[in-house]
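Take a look at the structure below.
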Amino acid sequence: FSKLDLPIFGAFLSHPLRLSETFYGTGETFLFMLRPRFKVPWTGENSFFIKGDLDSFAIGGGSGHFGLWVDENLYLGRSSPCYTFNNCCLSETDDFRVMELEVWTFS
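All residue numbers for the sequence shown refer to UniProt numbering, where the first residue is 1 and numbers rise by one.
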């Protein structure tokens with residue numbers, strides 16, 4: 001595979017990542033893909049936006065699935081349909097290896 005063939009996806013978070021035993025954030029949080037291009041906004045179904053602990057962080061949730069989940073080493077991830085965004089799997093398979101990670105912050 002060429003890097004140009006791989007999907008590029010991510011999340012916009014309404015609040016900074018932090019340790020939390022419960023979900024936090026607002027409906028301004030969303031998932032997105034740049035290749036192919038689409039945005040997955042909040043459905044209003046639940047408020048499972050952002051959750052982070054020492055083992056991983058997750059964006060979106062419901063029924064035991066996360067829209068986007070990444071492990072503590074920022075190496076392994078998983079994307080599944082979830083109630084928060086009613087999204088499809090963002091990666092080619094549910095489980096994936098993180099090839100590159102970019103983090104931007106705005107203030």
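For every residue, glycine included, the Cβ atom is placed at its ideal position computed from N, Cα and C.
- Phe49 and Val40 do not touch by the CB rule: their CB atoms are close to 12 Å apart, not below 8 Å.
- A residue is called buried once 16 or more other Cβ atoms fall within 10 Å of its Cβ, and Val70 is buried on that count.
- Here the stretch 97–106 does not lie against the stretch 42–57, with fewer than 3 beta-carbon pairs under 8 Å apart.
- Going by DSSP, Ser56 is part of the beta strand (DSSP E) stretching over Ser56 to Ile59.
- For Met33, the enclosing beta strand (DSSP E) has its first and last residue at Phe30 to Arg35.
- Boundaries of the beta strand (DSSP E) harbouring Val70: Leu68 to Asp71, taken from the DSSP string.
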